[in-house]
Ligand code: CUA
């Protein structure tokens, strides 16, 4: 008999758990875990995924062989009541050498693709790349496109099919940049530039996350990667390049952040354009953003919001310019905040309600965030929402 009564009893004890396990396995649908490295959609991510898959199958083979030998030995050589004392052995040099050499060879074999992957993923990409500077802040991400002279925050737009080359730094403490569907984690440091590159394969909006503990809101230091078709990306760039300082009073650009951005070239048109033309480009084909129609600047709420943005001091920490954006700002760039999917660095859906709640009481939504409560009334918040929503 294969199972003794005791073993059978213990199996019966665990039987009720089985449906639960089945249920749990069902919950493992990849759609429940958008922040996964197991569904790669870039060349970089595939390198890591390939190594992981290969290693997994190696391990599976080892598991089957070892456990098979173990089970075979258990049943083939199991003791019977009247058996004599088995022969006692103390070491076997041949067997010990064999079981040392085999794992060493396996590790050496795994090292080949691993080391190759390390070299590949750390190489500086050659050829036509889109350059993006990533600057970590407590607790949000700044994205600057030095060759396009545009800046945005928390949602990095990239074209599908072109290698994007990230040069990364931080304005304060160490963070770690991780867009799991596209690439592995890479730390960002105050005094050292780190690099990351990948070529996106699929358009869509994907989550990213800071993965180095950087303070109380480390967990809410997320971001979105918005991969777009080349045409949509060009449209987005062209639109962003219209969001510059008003010609009359160009903003000074304090250069207090230590990053890779040296000698950003100014190019592209900066002609004024009504804000409400922006919508088509900003939304792109990405779904999931809850963007209401932009409020025309003539709207009284917009005008009131514009005044409040100055009066409440918002302007001291946030720039509304995508073009010639100042460096070293404490708060995220808001040039296209109205069209983003999330606020609070990938944390809350960008609805009017959430935006109003945030403006009135950011500390309640993201405890310890550097934005103080500014004593904004509900009506004032409405106006500010109208004003910011128009910035798409
Ligand atoms: Cu930034 Cu954790």
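Residue numbers (our numbering): 6 to 397.
We put the CB at the ideal spot given by N, CA and C, even for glycine.
As the structure is a prediction and not an experimental result, all values here were calculated from the model.
Asked                                                                                                                  : Found
Alpha-carbon spacing of residue 393 relative to residue 176, whole angstroms                                           : 25 Å
Reduced DSSP secondary structure (H/G/I, E/B, other) of residue 171                                                    : strand
Span separating the alpha-carbon of residue 391 from that of residue 115                                               : 56 Å
Rounded separation between residue 184 and residue 66 - CA only                                                        : 31 Å
Residue of 104, 86, 123, 388 minimising C-alpha distance to residue 71                                                 : 104
Spatial neighbours of residue 386 in its chain, beta-carbon cut-off 6 Å, leaving aside the 5 residues before and after : 361, 364, 365
Minimum C-alpha distance to residue 250 - residue among 357, 141, 126, 325                                             : 325
Own chain residues within Cβ distance below 8 Å of residue 352, not counting five before or after                      : 225, 227, 370, 371
Between the CA atoms of residue 222 and residue 170 - distance to the nearest angstrom                                 : 27 Å
Any non-hydrogen atom of ligand 1 closer than 7 Å to residue 171 Cβ                                                    : no
Residue 217 Cβ short of 7 Å to ligand 1 heavy atom set                                                                 : yes
Own chain partners of residue 23 with C-beta closer than 7 Å, once the 5 adjacent residues on each side are dropped    : none
Sub-8 Å separation of residue 381 and residue 375 beta-carbons                                                         : no
Other residues of its chain near residue 82: CB distance less than 6 Å, five sequence neighbours each side excluded    : none
Neighbour-count burial assignment, residue 307, 16 or more Cβ in a 10 Å radius                                         : buried
Straight-line gap, residue 106 to residue 112 (C-alpha atoms, nearest Å)                                               : 10 Å
When 339, 333, 335, 157 are compared against residue 314, the one with the closest alpha-carbon                        : 339
Other residues of its chain near residue 18: CB distance less than 7 Å, five sequence neighbours each side excluded    : none
Touching by the beta-carbon criterion (3+ pairs, under 8 Å), the segment 126 to 139 and the segment 150 to 169         : yes
Residue 183 Cβ short of 7 Å to ligand 1 heavy atom set                                                                 : no
CA nearest to the CA of residue 320, picked from 101, 198, 335, 246                                                    : 335
Beta-carbon separation (whole angstroms), residue 155 vs residue 245, contact threshold 8 Å                            : 4 Å
Inter-residue CB distance, residue 159 and residue 145 (contact presumed, cutoff 8 Å)                                  : 6 Å
Three-state secondary structure assigned by DSSP to residue 312                                                        : helix
Pick from 354, 180, 85, 337 that is closest to residue 214, judged by C-alpha positions                                : 180
Through-space distance from residue 98 to residue 76, alpha-carbon basis                                               : 23 Å
Cβ-heavy atom distance, residue 141 to ligand 1, below 7 Å                                                             : yes
Rounded C-alpha distance that separates residue 148 from residue 235                                                   : 18 Å
Presumed contact (8 Å Cβ cut-off) between residue 201 and residue 191, rounded CB distance                             : 5 Å
Proximity winner among 330, 356, 318, relative to residue 378 (alpha-carbon distances)                                 : 318
Counterpart residues of residue 324 in DSSP-defined beta bridges                                                       : Answer is none; residue 324 lacks a bridge partner.
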